[in-house]
Every structure is written in structure tokens, then in C-alpha cells.
Amino acid sequence: MKLSRVSVVLVWVVAVLFQSTVYGDPHQPQQVHLSFGDDPTKMIVVWNTPEPTPNASVEYGQLSSASRYANATMTKFVDGGSLHHVQYIYRAIMTGLVPGTKYYYRCGSKYGKSQVFSFSAMRNGTDWSPRILLFGDLGVLNGRSLPRIKNDVTKNHYDAIFHVGDFAYDLQSANGTVGDMFMNLMEPIAANFSYMTCPGNHEYAYNFSNYRNRFSMPGDEYGEKMFYSFNIGPAHIISFSSEYYYFLQFGSIQMFNQYYWLMEDLEEASRPENRRQRPWIITMAHRPMYCSNSDSDDCTRRESLIRTGIPFFHILGLEKLFNSYGVDLMIWAHEHSYERLWPLYDRKVYNGTKSRMTTRRLQSTSSQAQRAVMRTWTHSCRNRQTGQLSVPMNTATPGC
Ligand SMILES: [Fe+2]
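In the working numbering, the protein residues as written are 746 to 1145.
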């Protein structure tokens, strides 16, 4: 979605004021944020400094005094804007964590250290229900959700935060200083909880360089791919880039790479022994396949790119792929409105409602796609404790 010209000017003015008053000591860590590592014993921490600080590290431990250290890698990031704004980005992986345990940490170097933050390592196992805070399209201006988010995280309401694309409006605005301002606004939240992301259309500048440099995700620590997956409780989460389908000026090979990675990842997650452990497969990406808005976005079209793939050829479409592997839930953003859809496939709704015709059609079908729809329905209606369906298949089931 686009911001008005007035909003852009306001963001620019705020960024200039911010730049002159908040950066302060150029060796002091800022923009600290966490993400899950590739298993519950690891956590990734990323921070920035305007000036280089060699030999940076993170100190962490179960009490407020640190007992472990992890060295950080430092990369120089030059924004693509006219001022070529420079900053240094540090990534460190805290390892050897005890799942479900609270840790304290601070990061930096002898030139300056962050305040002490804390986090809980991800719980182990699959017999628990993760509490996820989901949102997309959050900026510096008009970030009306920020006070609520800050309030909720202080009460420890969540196990992780998913930001489904479109950051800051924009990360690269005002030569990247709007991105710096946004990441500092998010620091009280994202330095204490895993902040899991995917790219949106607003991150496209300079081939998504601000997004790719500022975030580190499990298996994609340097933003080389913009797609990754991880497990949390009984769910397998897949984050990918919808934007590969829309910004072809940066090449098309990444669409193919991502598609084949998705196939492999879904194949692995769907193996019976894995699906028994983690019955939920959940995807997140920025631009939705469907929407009911009338804003001419791609999701309003009969064949959205992300859903049916390349026009005429119908290759790389994700709906068929996801359905064939029984993806349970797809999370999107971009539309600046809240919609929760019934299970649907190829523009048909399979909602398991009172409609006996619908129920019979689902029960009698033998197609792989519709069996996947059925599997989605049964997952959503299954009691998590007993494994039993919460309602018989032939009764009304709206909302289960
Ligand atoms: Fe968007």
C-alpha cells in the first residue's frame, strides 16, 4: 500500500530531527533485536552502530551476570540513497540455551555496550500452544499499534512476534534514517522477544538491501534468500518473499529458487513422522492470494500472481503447491484491513458449515487438493489435548 506525499514529507522531517538528537555516541549499540536460531538452544541477536567497533560480542547468562559470550560478525552497510548513509551491523548467535529458560544479555564492545535485555529461549517439544503476536505494515508515523504492542509484551503475553512485511515506511527513507528510527522504536519489543519477519513491497529499494542487511533469520542470517522456516511447538512456520513475483527488475531466478526450496521444505515437513509431531504447517508472506478490497491490488484479480503464478503458463503458483501439501494456514498483510477467510481453494470456499452438500462433496472427493482442504478442516477442529474432532463431521461447524 502507498503512503501519501504529506506522510512522506512528515517522515522525512521527523527523521532529520531524530538523526540530530538520538544517534548520540556512534559506538553505542542501537536497534537491538532478536530472532530464533535454527533450534531452541539458539537465539540470534543483531544490532547496529554508526561507527565500527571491532571485536564486538554478546554476553549472556541465566542471571543478570553474564556467564557466556558469543563473538559477533560485523558488516559495513551502505544505504543506497544519495548520502550513502553508513552503519555497521553486528550478528551473534547465542548458543547452548536451555529451552524455556529466561536469559539476560547485553551486546557491544569495549567502546560501548547496550543495556541489559532479557528473553526466554523457545520451549522445547510440541505439546504446547505458542502465543504469536502477528502484524504487518507498521510504520514510524501512524504506528497506532505500537503502544498496545509495548504494553502486551511487558505483560509477557507472547512467545514470538511475526512482522509480515512493510516496515517503517520505509526502512530506506531519508537515506535509511527512518529505518534506524523504526528499529530503535521497536528495540524495547524486539530486543526481548524473537522478531520474525518477511519482506514487503516497501522494502524493495536497492534490491531489498535495507531489509536483507538489517534482519537475520534462521538459515538466512545474511539475508541472501529472504525465505526460511523454523519449528515452534506443534507448528512448522514457513516465511517467504511474495515480492519475488512483483519486482522482476531484480531477476526472476529467485522465484524459481524459492519455489523449489518451498517444495523441499514442505516435503520434509509433510513426512508422516514430522507431521505427527507438528501437524500445523503455517506460511507467512506479505501480499495475499485473496482479498475482498477494491483497491486494484493483485489480490483483487481473478488470478493473482502469488496464487496462480506466471500468467498464461501458470507455473510457480503457490496455491496448488500449498494445498497439495496440506498447508493449514496462510498469513498475509499488505491490505491494511483485517480479513479471516474460510478454507478455500481455487476460489471456492470449503467452510464445513451447515451445508450438507458441501460436507458430502468434501467427503466423497478423491482429489488430492480437496483432501488437503479436508485435512485443513479437521486440523482446525481437532481438540489439541485429546486429538479428537471437537464436532461430528455432519453438524454445523462455523468458526472451528
Ligand atoms: Fe504492502
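Glycine included, every Cβ here is placed at the ideal spot set by N, Cα and C.
Owing to the predicted nature of the structure, the values given are computational and were not obtained by experimental measurement.
Query - Sequence-distant residues of its chain with Cβ nearer than 6 Å to residue 837 (five each side left out) - result: Position 92 of the sequence shown, counted from the start, is the residue given in the question as residue 837. Excluding positions up to five away in sequence, the list reads 790, 803, 815 and 817.
Query raised in the report: Can you round the beta-carbon distance between residue 876 and residue 904 to whole angstroms, since I take them to be within the 8 Å contact cut?
Result: Within the sequence shown, numbered from 1, the residue matching residue 876 stands at position 131. Within the sequence shown, numbered from 1, the residue matching residue 904 stands at position 159. Right, the Cβ-Cβ distance comes to about 5 Å (below 8 Å), so this counts as a contact.
**Report entry** Simplified DSSP state of residue 908, which is helix, strand or coil
**Finding:** By one-based count along the sequence shown, residue 908 stands at place 163. Taken through DSSP and simplified to helix, strand or coil, residue 908 comes out as strand.
Query raised in the report: Is residue 1034 near residue 1052, with beta carbons less than 9 Å apart?
Result: Here residue 1034 refers to the residue found at position 289 of the sequence shown. Here residue 1052 refers to the residue found at position 307 of the sequence shown. Result yes, Cβ atoms of residue 1034 and residue 1052 sit closer than 9 Å.
Requested in this report: Look up residue 948 in the DSSP assignment and give the residues it is bridged to.
Outcome: The sequence position of residue 948 within the sequence shown is 203, counting from 1. In DSSP, residue 948 forms no bridge with anything.
Query raised in the report: Is any heavy atom in ligand 1 found nearer than 8 Å to the beta carbon of residue 1163?
Result: Past the edges of the chain, shown from 746 to 1145, lies residue 1163, and the structure says nothing about it.
**Report entry** CA-to-CA distance, residue 1091 to residue 990, given in whole angstroms
**Finding:** As a working mapping, residue 990 is identified with position 245 in the sequence shown. As a working mapping, residue 1091 is identified with position 346 in the sequence shown. Between residue 990 and residue 1091, the C-alpha separation is close to 19 Å.
**Report entry** residue 924, enclosing alpha helix (DSSP H) - first and last residue
**Finding:** Counting from 1 along the sequence shown, the entry for residue 924 is found at position 179. Per DSSP, residue 924 belongs to the alpha helix (DSSP H) from 922–935.
Requested in this report: Tell me whether residue 908 counts as near ligand 1, meaning its Cβ is closer than 8 Å to at least one heavy atom of that ligand.
Outcome: Here residue 908 refers to the residue found at position 163 when the sequence shown is read from its first residue. Incorrect: residue 908 has no Cβ contact closer than 8 Å to ligand 1.
Query raised in the report: What residue ranges within the region 786–822 form continuous beta strand (DSSP E) runs of no fewer than 3 residues, ordered along the chain?
Result: 788–794, 802–806 and 813–816
Report task. Would you check if the distance between the CB atom of residue 941 and the CB atom of residue 907 is smaller than 9 Å? Result -> Along the sequence shown, read from residue 1 onward, the residue named residue 941 stands at position 196. Along the sequence shown, read from residue 1 onward, the residue named residue 907 stands at position 162. Result yes, Cβ atoms of residue 941 and residue 907 sit closer than 9 Å.
**Report entry** Proximal residues to residue 793 (C-beta, below 6 Å), its chain only, five neighbours per side dropped
**Finding:** By 1-based counting over the sequence shown, the position of residue 793 is 48. Contacts found: 775, 776, 832 and 834.
Query raised in the report: Cβ atoms of residue 916 and residue 1148: under 9 Å apart, would you say?
Result: A query on residue 1148 cannot be resolved here, the shown segment of the chain reaching from 746 to 1145 and no further.
Report task. Within its chain, find whatever has a CB closer than 7 Å to the CB of residue 823; leave out the 5 residues flanking it on each side and keep chain order. Result -> Here the question's residue 823 lines up with position 78 in the sequence shown. Cβ within range, chain order: 829 and 831.
Query raised in the report: Per the contact definition of three or more C-beta pairs closer than 8 Å, is the region 921–933 in contact with the region 1061–1071?
Result: no
Report task. Find the nearest neighbour of residue 1055 within the set 858, 1004, 958 and 868, judged by alpha-carbon distance. Result -> In the sequence shown, counting from the first residue as 1, residue 1055 sits at position 310. Selected option, being the one with the closest Cα: 1004.
Report task. Rounded to whole angstroms, what's the CA-CA distance from residue 986 to residue 787? Just pull it up for me. Result -> On the sequence shown, position 241 is the one that residue 986 refers to. On the sequence shown, position 42 is the one that residue 787 refers to. So the two alpha carbons sit approximately 24 Å from each other.
Query raised in the report: Is residue 771 helix, strand or coil when you go by DSSP?
Result: Here residue 771 is taken as the residue at index 26 of the sequence shown, counted from 1. It is coil, neither helix nor strand.
Query raised in the report: Around the Cβ of residue 854, are there at least 16 other Cβ atoms within 10 angstroms (buried) or fewer (exposed)?
Result: In the sequence shown, counting from the first residue as 1, residue 854 sits at position 109. With 16 or more other Cβ atoms within 10 Å, it is buried.
Query raised in the report: Near residue 964, which residues of its chain fall below 7 Å by C-beta distance, leaving aside the five closest residues on each side in sequence?
Result: The residue given as residue 964 occupies position 219 in the sequence shown. Excluding positions up to five away in sequence, the list reads 783 and 973.
**Report entry** residue 887 CB to nearest heavy atom of ligand 2 below 8 Å
**Finding:** With respect to ligand 2, the structure offers nothing, as its ligand set consists of ligand 1.
Query - Cut-off 8 Å between Cβ atoms - residues of its own chain near residue 1038, not counting five sequence neighbours on either side - result: As a position in the sequence shown, residue 1038 is number 293, starting the count at 1. The answer, listed in chain order, is 1044, 1045, 1080 and 1082.
**Report entry** Interface flag, residue 1013 vs chain C, CB-CB below 9 Å
**Finding:** The question asks about chain C, but that chain is absent: this structure has only one protein chain.
Query raised in the report: Say the cut is 8 Å; is the CB of residue 945 nearer than that to a heavy atom of ligand 1?
Result: On the sequence shown, position 200 is the one that residue 945 refers to. Correct: residue 945 has its Cβ closer than 8 Å to ligand 1.
Report task. Report, in whole angstroms, the separation of the C-beta atoms of residue 939 and residue 780, which I expect to be a contact under 8 Å. Result -> Sequence index remark: in the sequence shown, residue 939 carries index 194 (1-based). Sequence index remark: in the sequence shown, residue 780 carries index 35 (1-based). Indeed, because the Cβ distance is near 5 Å, the residues count as touching under 8 Å.
Query raised in the report: Just checking my contact of residue 813 with residue 845 at CB under 8 Å: how many whole Å lie between their CB atoms?
Result: Along the sequence shown, read from residue 1 onward, the residue named residue 813 stands at position 68. Along the sequence shown, read from residue 1 onward, the residue named residue 845 stands at position 100. That pair is no contact at about 17 Å.
Requested in this report: Let me know the secondary structure DSSP gives residue 1030 once reduced to three states.
Outcome: On the sequence shown, residue 1030 is found 285 positions in, with the first residue counted as 1. The answer is coil: DSSP assigns residue 1030 none of H, G, I, E or B.
Query raised in the report: If you check the beta carbons only, do residue 772 and residue 798 fall under 9 Å apart?
Result: As a working mapping, residue 772 is identified with position 27 in the sequence shown. As a working mapping, residue 798 is identified with position 53 in the sequence shown. A contact, by the Cβ cut-off of 9 Å.
Query raised in the report: Going by C-alpha distance, which of 902, 1002 and 885 is nearest residue 864?
Result: Working through the sequence shown from its first residue, we reach residue 864 at position 119. The shortest C-alpha separation from residue 864 is found at 902.
Query raised in the report: DSSP on residue 897, reduced to helix/strand/coil?
Result: For the purposes of this step, residue 897 is taken as residue 152 along the sequence shown, with counting starting at 1. Residue 897: helix per DSSP, three-state reduction.
**Report entry** Endpoints, beta strand (DSSP E) assigned at residue 1045
**Finding:** On the sequence shown, residue 1045 is found 300 positions in, with the first residue counted as 1. Looking at the DSSP string, residue 1045 is not in any beta strand (DSSP E), and its letter there is neither H nor E.
Requested in this report: Quick one: residues in its chain with C-beta nearer than 6 Å to the C-beta of residue 873, no 5 flanking neighbours on either side, listed in chain order?
Outcome: Translated into positions along the sequence shown, residue 873 becomes position 128. Cβ within range, chain order: 978.
Query raised in the report: So, helix, strand or coil for residue 1005, using DSSP?
Result: Here residue 1005 is taken as the residue at index 260 of the sequence shown, counted from 1. Looking at residue 1005 - three-state DSSP - the assignment turns out to be helix.
Query raised in the report: Buried or exposed: which applies to residue 1032, given that a residue is buried once 16 or more other Cβ atoms fall within 10 Å of its Cβ?
Result: On the sequence shown, residue 1032 is found 287 positions in, with the first residue counted as 1. The Cβ neighbour count for residue 1032, taken over all protein chains shown within 10 Å, is at least 16; the residue is labelled buried.
Query - Distance CB(residue 919)-CB(residue 947) smaller than 9 Å - result: Counted from its first residue, the sequence shown places residue 919 at position 174. Counted from its first residue, the sequence shown places residue 947 at position 202. No, they are not a contact pair.
**Report entry** Residue nearest to residue 935 in terms of C-alpha spacing, selected from 959, 988 and 1049
**Finding:** Taking the first residue of the sequence shown as 1, we reach residue 935 at position 190. Among 959, 988 and 1049, the Cα nearest to that of residue 935 belongs to 959.
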